[in-house]
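Using the numbering used here, read the sequence shown as starting at 2 and increasing by one per residue. To keep things clear, I will list the structure first and then write my remarks on it.
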Amino acid sequence: MAFTTEHLDTYHRDGYVVVRNFFSRPEVDLLHKIALEDDTMSKNSFDRVDASGLKTKLALWYSLDESLYSKFARSERI
2 MAFTTEHLDT YHRDGYVVVR NFFSRPEVDL LHKIALEDDT MSKNSFDRVD ASGLKTKLAL
62 WYSLDESLYS KFARSERI
């Protein structure tokens, strides 16, 4: 899917945009599979509680490597 002016307008209004089908189903399935099987994500994440009291896991990386996570982050599409 192409990034449109509507996406850009939404980003400027809301600070983020969701682009459906930006990655293909096989790409997302692979990333999901690796995230579940690989302990890198769980070892490098921590719980955060937002203003509503909801909990989320946060994982931060300050450099890119050859992992699949970094490959997604470096994708020219992004």
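Think of the CB as a built atom: it goes at the ideal place given N, C-alpha and C, for glycine as much as any other residue.
Residue i to residue j span [Cα, whole Å]
i: R75; j: L69; result: 10 Å
i: K72; j: F24; result: 13 Å
i: K44; j: D66; result: 16 Å
i: L55; j: T6; result: 32 Å
i: E77; j: F4; result: 12 Å
i: V20; j: Y12; result: 11 Å
Simplified DSSP assignment, three categories, for residue i
i: T57; result: strand
i: V29; result: helix
i: I79; result: coil
i: S64; result: coil
Endpoints, the beta strand (DSSP E) within which residue i is located
i: F73; result: Unbroken run through F73 is the alpha helix (DSSP H), L69 to A74; no beta strand (DSSP E).
i: D48; result: S46 to V50
Range of the contiguous alpha helix (DSSP H) that encloses residue i
i: T5; result: From DSSP, T5 is part of no alpha helix (DSSP H); its letter is neither H nor E.
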